[in-house]
Structures are given as structure tokens and as C-alpha cells.
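Trainee: Here you go, one structure.
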Amino acid sequence: MANEYFFGVDLGGTNVELGLLDGEGAIMAHVTEPTRTHEGPQSLVERMAEACRDLAKQAHVPSDKIKALGIGSPGPMSMLEGKLINLGNLPGFNNFFLRAELSRRLKLPALLENDANAACWGEFWLGAGRNANDMVLFTLGTGIGGGIVIGGELIHGSDDNAAELGHMIIQTDGRQCTCGQKGCVEAYASATATVARAIEALEHGRESKMQDTHRQNGTLACKDVFDHALAGDPLANEIVNGTALALAQICVSMRHITEPEMVVLTGGMIKAGDTLLNRVRSFYEEMVWKLKPEPMDICFAELGGHAGFIGAAGLAVHAYKHHPQRLYPSGT
Ligand SMILES: [Zn+2]
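Below is the structure:
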């Protein structure tokens, strides 16, 4: 794959990350563009195309050496049609044919992928999972997203929205989730839910140093909860344990569903480091069956915010090599 190059684009609510990679994963050039959603999708696609052309220029890669383009975006989406469907934090992008619009401007075959899946593929290709064949990724942020690789392939499901792992139900008739279901793991263990549980406990009159932080700042951040836990605050520890326990529960479930070699955790919450990781691991070891001991590593991602565009480019490489029918327009 030497001398062949691929664009990777990761569309987010605040920024778009764009990169040009070679077929082995070396990053030739990379740039961050503000999304500026209020300017509308056409303006954004125009700027994305311009940024890609600049990356090629910057890296001195001639356009005939660039073979395909991968785009990661928040879902839900139709991968078949290359269409965004209903993006909560990107108003104006509903039913937008992002893949065709960018493919046409850059004259390159393209694919569209869910952003958590793209990040999962990035970690699988070049990050924490580079030596694995089966892996699961959880993104821990405002919500919880996920990606599943089985036998070296991402799974997409019957209508492209598989691996919505944040909406696995861990509690019957439990906490209300933004998706409409009750008891989703996202409603317990996302950064938002972790803070919400802490604030609810304070409102119920529980004593905690978090109360002072909440009063001083007028708000409480997920980092504050983890910092107070590390400093020994009992309520903060209870809240963090609740988050870790919920995550360990879905690690056990995933272990039984796909038997991955590793579960990789990524997203803003992993900044908590061992305060999070050690607890998830320890709850997991406590809960998982002992019938047949099998090692399943639970670890942190390695590529940080670059995983999305690296994975999007990597999916373009993988499709170009193994599944050309996944690229639109096919056969180009
Ligand atoms: Zn849900």
C-alpha cells in the first residue's frame, strides 16, 4: 500500500478533524477546523473539501495517489445511502447526503461511518487494539457510544446502527435515558449521568465536599466528582463506584456476547486515570463468571482525539483493499 493515500474526516459538534494518511497509517498531515454548524451543511462540506486539498498540498501528495475518503459522523445515519438522519447537536444536517457531497467535491470514492465506530477502528488499527482480532470500544463522554470488532471486521447490524452500547439496559425500570428507554448504562455511567447522580445526592442532603465545589462554581463537573473521590470524599467515592460498577456490568455482558480480547475505554472520562480504570477492572473481576477463566483486558485508548479521523481513513484503506463495494460511488 506504499504510495497510496487516504483522507480521514471526523465530524464533531464543535470541530472537524481531518487527516491524510498513507495505507500503513502514517499521518502525512492533519488539521482541525471549527464546525460552525450555523453556516449550514453546504458551507461546511465546502470547507472540508478545501481543507483536504490543503492537506494534500502540505504533504506534497499528488491527487492521483489519493485513493479514497472515510468520514466519521455522529449518528443515526444510513451508511447505505451515505446520509445523516437525525443529529441532535448538528441542526440543519438532518437527511443530508454528506458522503455524496464530499465525494463529488474531492472526486474520490467515499464511505460514511458512525463516529464511535470510526474511533473503534482507529484504536483497532493503530492504537490499543493493534494486536487484537476481536475488540470492543466504549466512548465515555456526554453519552456512551461504542464499537465492536469481530474477527477483524466492524459490525454494523441489519440497518447500520449496531453497537449503540450506551443503551444496553442494566436496570429494570431504572433511570430515564435521553433515548427514551429506562435503565440504560448511559443514564448511570456517562459523564453527564455521573454528575447528575452526584447532584441528586447533594440535593437529598448528603454531606460531601462536592457541595462546596458546587456552590463555588455554580456547577459540578465530572472531573470534580473524580477529584473528590481521589481525595477520599465518601459520597464522591460512592458515585464513582456506581459509574465503575455500571461499566463493569457491560464489560461482563460484552465478554459473553463477543468474547473480545480487550475492552478499550475512551472519551473525556478516561482522564480520571486509575481512579476509574482500577475500579472497573476490580468490579469486573468480582462479577464475571469463574467457570472458565479467560483473560479479557480492560484498558484505555491510546490515540486520544485523533482516533476518529485515523479510523475513518483506516476504514477507507480497509474498504479499498478488501470491500470496494463499500465505497461510493462503487467501482471508481
Ligand atoms: Zn438509552
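In my numbering, the protein residues as written are 1 to 332. Where a beta carbon is used, it is the ideal one built from N, C-alpha and C, also for glycine.
1. Hey, would you say A198 sits closer than 9 Å to L235, going by beta carbons?
2. Among F6, I250, I310, whose alpha-carbon lies nearest the alpha-carbon of K107?
3. Count Cβ pairs between the stretch 284 to 294 and the stretch 176 to 183 that sit closer than 8 Å; are there 3 or more?
4. Identify which residue in P76, G145, I155 has its Cα closest to the Cα of H167.
5. Apply the 10 Å Cβ neighbour rule to L102 and answer buried if 16 or more other Cβ atoms are within range, or exposed otherwise.
6. For M269 versus V263, is the C-beta spacing smaller than 9 Å?
7. Going by other Cβ atoms of all chains shown within 10 Å of its Cβ, with 16 needed for buried, is K292 buried or exposed?
8. What do you get for D212, buried or exposed, if any count of 16 or more other CB atoms within 10 angstroms of its CB means buried?
9. Who are the near neighbours of G331 in its chain, counting only those whose CB is closer than 8 Å to its CB and skipping five residues on each side?
10. Taking Cβ positions, are A319 and L111 nearer each other than 9 Å?
11. For the alpha helix (DSSP H) containing N117, list its first residue and its last residue.
12. What distance in whole Å lies between the Cβ atoms of P34 and N15, which are believed to be in contact at a cut-off of 8 Å?
13. Is it buried or exposed, N114, if we count other Cβ atoms within 10 angstroms and call 16 or more buried?
14. Helix, strand or coil: which one does DSSP assign to G146?
15. Please go through the stretch 267 to 326 and give each complete alpha helix (DSSP H) segment of 4 or more residues, from N-terminal end onward.
16. Could you give the distance in angstroms between the alpha-carbon of A12 and the alpha-carbon of P295?
17. Along the chain, where does the beta strand (DSSP E) that runs through H30 open and close?
Mentor: Reading it off the structure:
1. As a position in the sequence shown, residue 198 is number 198, starting the count at 1. As a position in the sequence shown, residue 235 is number 235, starting the count at 1. Note that the C-beta distance between A198 and L235 is below 9 Å.
2. The count along the sequence shown starts at 1 and reaches residue 107 at position 107. Of the residues F6, I250, I310, the one whose Cα lies closest to the Cα of K107 is F6.
3. No, the stretch 284 to 294 is not in contact with the stretch 176 to 183.
4. By one-based count along the sequence shown, residue 167 stands at place 167. Residue G145 is the option with its Cα nearest to H167.
5. Indexing the sequence shown from 1 puts residue 102 at position 102. Around the C-beta of L102, 16 or more other C-beta atoms lie within 10 Å, and the residue is accordingly described as buried.
6. Within the sequence shown, the letter at position 269 stands for residue 269. Within the sequence shown, the letter at position 263 stands for residue 263. In this structure, V263 does not lie closer than 9 Å to M269 by Cβ.
7. In the sequence shown, counting from the first residue as 1, residue 292 sits at position 292. By the neighbour-count rule (16 or more Cβ atoms within 10 Å), K292 is not buried but exposed.
8. Locating residue 212 in the sequence shown gives position 212, where the first residue counts as 1. Exposed, because fewer than 16 other Cβ atoms sit within 10 Å of the Cβ of D212.
9. As a working note, residue 331 is residue 331 in the sequence shown. Unreliable positioning characterises G331 in this predicted model, as indicated by a pLDDT of 46, which lies under 50. A coordinate reading is not provided.
10. Taking the first residue of the sequence shown as 1, we reach residue 319 at position 319. Taking the first residue of the sequence shown as 1, we reach residue 111 at position 111. Contact flag set, yes.
11. Within the sequence shown, residue 117 is the residue found at index 117, counting from 1. Per DSSP, N117 belongs to the alpha helix (DSSP H) from 115 to 126.
12. Here residue 15 is taken as the residue at index 15 of the sequence shown, counted from 1. Here residue 34 is taken as the residue at index 34 of the sequence shown, counted from 1. Taking the Cβ atoms as the reference, N15 lies roughly 6 Å from P34, within the contact range of under 8 Å.
13. Counting from 1 along the sequence shown, the entry for residue 114 is found at position 114. Under this definition N114 is a buried residue.
14. Along the sequence shown, read from residue 1 onward, the residue named residue 146 stands at position 146. Here DSSP, grouped into helix, strand and coil, assigns G146 to strand.
15. The stretch 267 to 326 is shown to contain whole alpha helix (DSSP H) runs of 4 or more residues at 274 to 287, 307 to 322, in chain order.
16. Taking the first residue of the sequence shown as 1, we reach residue 12 at position 12. Taking the first residue of the sequence shown as 1, we reach residue 295 at position 295. A small fix is needed here, since residue 12 is Gly in this sequence, not Ala. Using only the alpha carbons, I get a separation of about 35 Å.
17. Walking along the sequence shown from the start, residue 30 turns up at place 30. Looking at the DSSP string, the run of the beta strand (DSSP E) that includes H30 is 27 to 34.
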